[in-house]
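Below is one structure; the comments refer to it alone.
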Amino acid sequence: MAAAALRAASLTRAVVRSAVVGGAVGLAASAAASALATHFARRVVTPEKVRADDVRVLAVEPDRVVLAASDLTLAPGRYGLWTAGGATHSQLGDVIGVEEAGRGRAVVRRLLGTDAGVLRPGPGRWSGWFHTGDPGRALGLPFDDVVVTSPVGDLPAWLVHPADGQLHGKVWAVLVHGRGGTREECLRALPVLHRLGVPALVPSYRNDPGAPASLSGRYGLGDTEWVDVEAAVLHALDAGARDVVLVGWSMGGAIVLSHLSRSWTADRVRAVVLDGPVLDWRTVLQHQARVHRVPPPLGRAGTALMGSPLARAALGVEGPLDLDRLDWVTRAEELRVPLLLLHGDADAVVPVGPSRLLAAARPDLVSLLEFPGAGHCREWNSDPDRWEREVARFLLEHL
Numbered sequence: 000m001a002a003a004a005l006r007a008a009s010l011t012r013a014v015v016r017s018a019v020v021g022g023a024v025g026l027a028a029s030a031a032a033s034a035l036a037t038h039f040a041r042r043v044v045t046p047e048k049v050r051a052d053d054v055r056v057l058a059v060e061p062d063r064v065v066l067a068a069s070d071l072t073l074a075p076g077r078y079g080l081w082t083a084g085g086a087t088h089s090q091l092g093d094v095i096g097v098e099e100a101g102r103g104r105a106v107v108r109r110l111l112g113t114d115a116g117v118l119r120p121g122p123g124r125w126s127g128w129f130h131t132g133d134p135g136r137a138l139g140l141p142f143d144d145v146v147v148t149s150p151v152g153d154l155p156a157w158l159v160h161p162a163d164g165q166l167h168g169k170v171w172a173v174l175v176h177g178r179g180g181t182r183e184e185c186l187r188a189l190p191v192l193h194r195l196g197v198p199a200l201v202p203s204y205r206n207d208p209g210a211p212a213s214l215s216g217r218y219g220l221g222d223t224e225w226v227d228v229e230a231a232v233l234h235a236l237d238a239g240a241r242d243v244v245l246v247g248w249s250m251g252g253a254i255v256l257s258h259l260s261r262s263w264t265a266d267r268v269r270a271v272v273l274d275g276p277v278l279d280w281r282t283v284l285q286h287q288a289r290v291h292r293v294p295p296p297l298g299r300a301g302t303a304l305m306g307s308p309l310a311r312a313a314l315g316v317e318g319p320l321d322l323d324r325l326d327w328v329t330r331a332e333e334l335r336v337p338l339l340l341l342h343g344d345a346d347a348v349v350p351v352g353p354s355r356l357l358a359a360a361r362p363d364l365v366s367l368l369e370f371p372g373a374g375h376c377r378e379w380n381s382d383p384d385r386w387e388r389e390v391a392r393f394l395l396e397h398l
């Protein structure tokens with residue numbers, strides 16, 4: 000009996016120890032999962048200060064550059080290339096050829112120019128920004144540095160004059176860059192607007208480099224930045240604009256659409272052009288979770304966290320982000336102005352699916368032009384002539 004009792008007691012202690020250890024492991028796993036979901040969500044709303052290099056320059060010649068071959072460097076069209084930690088910017092043209100290079104392949108592209116710094120072999124970052132600098136230095140266009148007054152403070156902006164020099168009584172364009180971008184992202188659209196005689200206002204917005212930060216220093220994914228676009232529209236109207244058209248890239252699309260639905264100046268918007276736009280953040284975030292190998296339940300948890308009462312404490316945002324309000328596929332029936340959507344079918348950042356759904360839901364107002372093989376916000380890069388021709392055609396119908 001005594002031996003049996005001892006065995007029973009020993010077994011009980013073993014079971015208790017196992018339960019304690021199992022519980023601890025379960026709690027640790029739960030904490031790790033929660034941390035991963037929070038990290039995923041925090042990265043989405045936190046402005047990036049440094050971008051990683053993603054290509055390598057192997058050799059530089061007077062009129063061509065040799066790069067390690069990749070999906071980026073093999074893409075057709077014209078692109079920007081940042082090297083030397085962002086100090087050097089070069090303009091690259093079409094692919095000339097592909098050749099063997101040691102253990103891999105190399106792609107040879109035309110070197111059209113270097114507008115900042117000196118291009119040398121080494122690591123670099125591929126970019127859709129073919130131009131850099133201000134409109135005068137990059138494109139030779141007449142412009143003024145102006146200030147747009149917003150609730151967060153004074154926002155630096157460019158006012159680019161049209162070809163005829165007239166500002167008053169015209170329809171102006173307000174251009175809105177995407178997440179992690181600057182006003183330079185909008186430079187590629189300025190030549191066609193200039194030729195059409197459309198004054199262009201290119202504002203920065205909260206949390207941009209050189210612009211005031213929001214109280215949180217975090218992105219609102221369009222749920223907060225639209226106020227800065229409203230300020231830009233008011234600036235244009237006060238300066239003599241009759242009405243405006245809005246042009247947005249990536250998250251700039253979400254910002255523009257938030258302005259349309261929430262600003263009292265929305266009735267002064269004639270038309271909208273969106274390039275690689277975010278029309279439904281949930282779809283984008285689910286896609287990004289897959290790309291970064293975040294387990295689907297944790298990706299969904301991170302997305303849900305953005306809209307929860309815990310968002311302020313966990314993510315540092317000003318308050319919960321209303322992703323339903325930013326879902327324009329679901330809200331398609333609320334649209335009231337003509338939209339032109341330009342989207343690459345190879346966009347690996349903001350998939351083209353929601354653009355297709357929105358165009359199908361509102362064929363009376365929404366036109367979608369897809370660019371074969373174009374990556375995120377690289378529609379212009381892949382076929383600049385087509386991009387400018389279609390934008391001009393659309394705007395001429397609504398100016």
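Residue numbering for the sequence shown is 0 to 398, as defined by numbering that gives the first Met the number 0.
The C-beta atom is built at its ideal place from N, Cα and C for all residues, glycine as well.
Keep in mind that this is a model prediction, so the values were computed, not measured.
Tell me which residue opens and which closes the alpha helix (DSSP H) that Ala312 is part of. Ala310 to Leu314
Proximal residues to Ile95 (C-beta, below 7 Å), its chain only, five neighbours per side dropped: Arg63, Val107, Arg108 and Arg109
Whole angstroms is fine: what's the gap from Pro120's alpha carbon to Val59's? The straight-line gap from Cα to Cα measures roughly 7 Å.
My assumption, with CB atoms under 8 Å, is that Asp144 sits in contact with Trp157. Please give the rounded CB distance. 7 Å
Output needed for Ala7: all residues of its chain with C-beta closer than 8 Å, excluding positions within five of it in sequence on either side, in chain order. Per-residue confidence for Ala7 stands at a pLDDT of 45, beneath the threshold of 50, marking its modelled position as unreliable; the derived number appears in the next sentence. For Ala7, where only same-chain residues beyond five positions count, there are no Cβ hits under 8 Å.
Beta strand (DSSP E) runs contained entirely in the segment 263-320, provided each spans 3 or more residues: 268-274
Whole angstroms is fine: what's the gap from Val459's alpha carbon to Ala68's? A query on residue 459 cannot be resolved here, the shown segment of the chain reaching from 0 to 398 and no further.
Sequence-distant residues of the same chain with beta carbon closer than 6 Å to His38, five excluded per side: none
How would you call Glu389, buried or exposed, if buried means at least 16 neighbouring beta carbons within 10 angstroms? buried
Going along the chain, which residues of its own chain have a beta-carbon closer than 6 Å to the beta-carbon of Val293, five neighbours each way excluded? Phe39
Between the C-alpha atoms of Pro211 and Glu99, what's the straight-line distance to the nearest angstrom? 49 Å
The segment 361-368 contacting the segment 225-236, beta-carbon criterion three pairs below 8 Å: no
How close, in whole Å, do the beta carbons of Ile254 and Glu229 come, if the pair is a contact with beta carbons under 8 Å? The Cβ separation is near 10 Å, so there is no contact.
I need the straight-line Cα distance from Gly180 to Asp207, nearest angstrom please. 8 Å
Under a CB-based cut-off of 8 Å, is Trp386 close to chain D? Chain labels in this structure do not include chain D; a single protein chain is all it has.
Based on Cα-Cα distance, which residue from Leu357, Trp248 and Asp274 lies nearest to Gly177? Trp248
Residue from Gly196, Ala288 and Asp323 with nearest C-alpha to Ser257: Asp323
Buried or exposed: which applies to Gly252, given that a residue is buried once 16 or more other Cβ atoms fall within 10 Å of its Cβ? buried
Residue ranges of each beta strand (DSSP E) within the segment 124-179, 3 or longer: Segments of the beta strand (DSSP E) lying fully in the segment 124-179: 142-149, 152-159 and 170-175.
Can you give me the C-alpha to C-alpha distance between Val19 and Ala32, rounded to a whole angstrom? In this predicted model, Val19 has a pLDDT of only 41, less than 50, meaning its place in the structure is not dependable; the value taken from the coordinates is given anyway. Rounded to the nearest angstrom, the two C-alpha atoms are 20 Å apart.
Is Leu118 buried or exposed, if buried means 16 or more other CB atoms sit within 10 Å of its CB? buried
Let me check understanding here. Comparing Cα to Cα, which of Asp114, Leu73, His88 and Arg77 lies closest to Gly97? A small correction: the amino acid at residue 97 is Val; Gly does not occupy that position in the sequence shown. Answer by Cα proximity: Leu73.
So Val283 and Val277 are in contact, right, with Cβ under 8 Å, and what is the actual spacing, rounded? 6 Å
Could you pull the DSSP bridge partners for Thr87 from this structure? Thr82
Between which two residues does the alpha helix (DSSP H) containing Trp379 stretch? Glu378 to Ser381
CB Val336 to CB Val271, shorter than 8 Å? yes
Bridge partners - Val242, DSSP secondary structure assignment: At residue 242 the sequence reads Asp, which differs from the Val that was named. The partner list for Asp242 (beta bridge, DSSP) reads Val170.
Alpha-carbon to alpha-carbon, Ala312 and Pro75: 45 Å
Just mark Leu394 as buried or exposed, buried being the case when its beta carbon has 16 or more other beta carbons within 10 Å. Leu394 is buried by the Cβ-count criterion.
Boundaries (first-last residue) of the alpha helix (DSSP H) holding His258: Start and end: Met250 to Arg261.
For Glu184, report the span of its alpha helix (DSSP H) as first-last. Note, Glu184: premise wrong, no alpha helix (DSSP H); not H, not E.
With a CB to CB cut of under 6 Å and the five nearest residues on each side skipped, what residues in its chain are close to Gly315? Apart from sequence neighbours up to five positions away, the residues of its chain that approach Gly315 with a beta-carbon distance below 6 Å are Ser215 and Arg217, ordered along the chain.
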